[in-house]
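Since the structure comes first, as structure tokens, the remarks are kept for the end.
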């Protein structure tokens, strides 16, 4: 009987120590959304990929209406839609031109990064696109003259 109680106590303690706590993400604030929009976010870095110096920079632009995203991936222009909610940032309906160039492998990694992202962090003029809280692309803002 004593061993049975000891066994139950051990199982109870083990189950308490292995339970996971989940926290709900905070909704994206209007301030953060305003920082995201109407800037040309120029790609600086992709993890595990060298971004070459190019005559036309790789960038992404989120419109101020909170609907359209567009940019240049290195070889091709692209566009689509985006939305933000309490789960983060979501890009969808992405389309692009289909031209070949020497920067194709970098463009492919860039396009995967932006399509797979689920959130973002902006600090000053720097932005990181995130997937599962890990950076997938690093950008610097270029301000547009409206």
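In mature numbering (1 follows the signal peptide of the UniProt record, and there is no 0), the protein residues as written are -19 to -1, 1 to 127.
C-beta: ideal position from N, C-alpha, C; glycine also.
None of the values given here were measured: they were computed from a predicted structure.
query: What does a CB cutoff of less than 8 Å around residue 35 pick up in its chain, not counting 5 residues either side in sequence?
result: Counting from 1 along the chain shown, the entry for residue 35 is found at position 54. Around residue 35: 55 and 84.
message: Taking only three categories from DSSP, how would you classify residue 11?
response: Residue 11 sits at position 30 when you count from the first residue of the chain shown. Helix.
query: Just curious, the alpha helix (DSSP H) that residue 85 is in, first and last residue?
result: Position 104 of the chain shown, counted from the first residue, corresponds to residue 85. Start and end: 85 to 97.
message: Considering only the alpha carbon of each residue, which of 122, 125, 99 and 108 lies closest to residue 114?
response: Indexing the chain shown from 1 puts residue 114 at position 133. The residue with the shortest Cα to Cα distance from residue 114 is 99.
message: Does residue 27 come out as helix, strand or coil in the three-state DSSP assignment?
response: As a first step, residue 27 is located in the chain shown; it is residue number 46 there, counting from the start. If DSSP states are grouped into helix, strand and coil, residue 27 belongs with the strands.
task: Would you kindly work out how many angstroms separate the C-alpha atoms of residue 154 and residue 69, rounded to a whole number?
output: With the chain covering -19 to 127 only, the question about residue 154 has no answer from this structure.
message: Only counting the same chain, and skipping five residues up and downstream in sequence, which positions put a Cβ closer than 6 Å to that of residue 102?
response: Translated into the one-based positions of the chain shown, residue 102 becomes position 121. 109, listed in sequence order.
Cut-off 6 Å between Cβ atoms - residues of its own chain near residue 186, not counting five sequence neighbours on either side: With the chain running from -19 to 127 in the structure shown, residue 186 is simply not present.
query: Which value, in whole angstroms, describes the spacing of the CA atoms of residue 73 and residue 48?
result: Along the chain shown, read from residue 1 onward, the residue named residue 73 stands at position 92. Along the chain shown, read from residue 1 onward, the residue named residue 48 stands at position 67. Approximately 10 Å between the Cα atoms of the pair.
field: Cα-Cα separation, residue 58 to residue 79
entry: Position 77 of the chain shown, counting from 1, holds the residue named residue 58. Position 98 of the chain shown, counting from 1, holds the residue named residue 79. Residue 58 and residue 79: Cα-Cα distance of roughly 9 Å.
field: Pairwise C-alpha distance: residue 11 and residue 67
entry: If you number the chain shown from 1, residue 67 lands on position 86. If you number the chain shown from 1, residue 11 lands on position 30. Distance between the alpha carbons of residue 67 and residue 11: 12 Å.
query: Distance, Cα to Cα, residue 53 vs residue 92?
result: Against the chain shown, residue 53 aligns to sequence position 72. Against the chain shown, residue 92 aligns to sequence position 111. If I take the Cα positions, the gap works out to 10 Å.
message: Quick test of your reading: residue 26 and residue 119, contact by CB under 8 Å. State the CB separation rounded to the nearest angstrom.
response: Numbered from 1 along the chain shown, position 45 holds the residue referred to as residue 26. Numbered from 1 along the chain shown, position 138 holds the residue referred to as residue 119. Right, the Cβ-Cβ distance comes to about 4 Å (below 8 Å), so this counts as a contact.
message: Suppose contacts are defined by Cβ-Cβ distances below 8 Å. Is residue 87 in contact with residue 33 by that definition?
response: The residue labelled residue 87 in the question sits at position 106 within the chain shown. The residue labelled residue 33 in the question sits at position 52 within the chain shown. Yes, Cβ-Cβ distance for residue 87 and residue 33 is below 8 Å.
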